[in-house]
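Step one of this worksheet: look at the structure below.
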Amino acid sequence: MTDEQRKSVALEYLKGFDNGGVTSDGAPLLDLFADDAQVYFPKWGLATGKEEIARLFGDVGATITSIRHHYAGFNWILTGTDTLVCEGTSHGEHRDGPWRAGVPEWGAGRWCDVFEIRDWRIQRVFIYLDPDYASADKARYPWLTEG
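Under UniProt numbering, think of the first position of the sequence shown as 1, with each following residue one higher.
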């Protein structure tokens, strides 16, 4: 696969979240994954295989009413290998409240995903973000409670 082909699979994955877990052709998001794929999500851990990935997505998805990724601002690192990285921003509605990248500047909405894509299937995606979407966890960080 070329970098652009791998990037197209990663974009389909991200757009699938914006579309409620459904790809552009109406298939479930899990169809983009290899059977033994791995997904990491902060405060959830590592899911291996489609069954665990479905549980991870169900657990996290149950807390999110809507999400929109800001595609025009994505930064891609394409390596010429099976690995690629996408850094971006998002906004949406969490059960605890809304979020938007940059509002506040230290809050949720900035993320980075590291993908491994081979044979048109996601083998691995490690998601790096602050899962405190509504920015409610302030007490443990003194710089957020000062002034």
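All residues carry an ideal CB built from backbone N, CA and C; glycine is no exception.
Inter-residue spacing [alpha-carbon to alpha-carbon] between residue i and residue j
{"i": "R55", "j": "V125", "result": "15 Å"}
{"i": "residue 149", "j": "D59", "result": "Outside the modelled stretch of the chain, which goes from 1 to 147, sits residue 149, for which no answer is possible."}
{"i": "A10", "j": "W44", "result": "21 Å"}
{"i": "C86", "j": "T145", "result": "31 Å"}
{"i": "residue 148", "j": "A47", "result": "Any question about residue 148 goes unanswered here, given that the chain covers just 1 to 147."}
{"i": "F74", "j": "Q5", "result": "16 Å"}
{"i": "S8", "j": "R140", "result": "39 Å"}
{"i": "E12", "j": "M1", "result": "16 Å"}
{"i": "A72", "j": "K15", "result": "13 Å"}
{"i": "L32", "j": "D18", "result": "15 Å"}
{"i": "D3", "j": "D35", "result": "22 Å"}
{"i": "V103", "j": "Y133", "result": "11 Å"}
Host alpha helix (DSSP H) of residue i (start-end)
{"i": "G49", "result": "49 to 61"}
{"i": "S135", "result": "Element bounds for S135: n/a, residue is neither H nor E."}
{"i": "S90", "result": "Here S90 belongs to no alpha helix (DSSP H); instead the beta strand (DSSP E) covers 83 to 94."}
Local Cβ density within 10 Å of residue i, reported as buried at 16 or more and exposed below that
{"i": "W99", "result": "buried"}
{"i": "E51", "result": "exposed"}
{"i": "A37", "result": "buried"}
{"i": "H94", "result": "buried"}
{"i": "S90", "result": "buried"}
Supposed contact pair residue j and residue i - C-beta distance, whole angstroms, cut 8 Å
{"i": "I67", "j": "G92", "result": "4 Å"}
{"i": "I53", "j": "L84", "result": "That pair is no contact at about 19 Å."}
(message) Three or more C-beta pairs under 8 Å: does that hold for the region 126 to 135 against the region 97 to 111?
(response) Taking a cut-off of 8 Å on C-beta distances, the region 126 to 135 touches the region 97 to 111, as three or more cross pairs fall below it.
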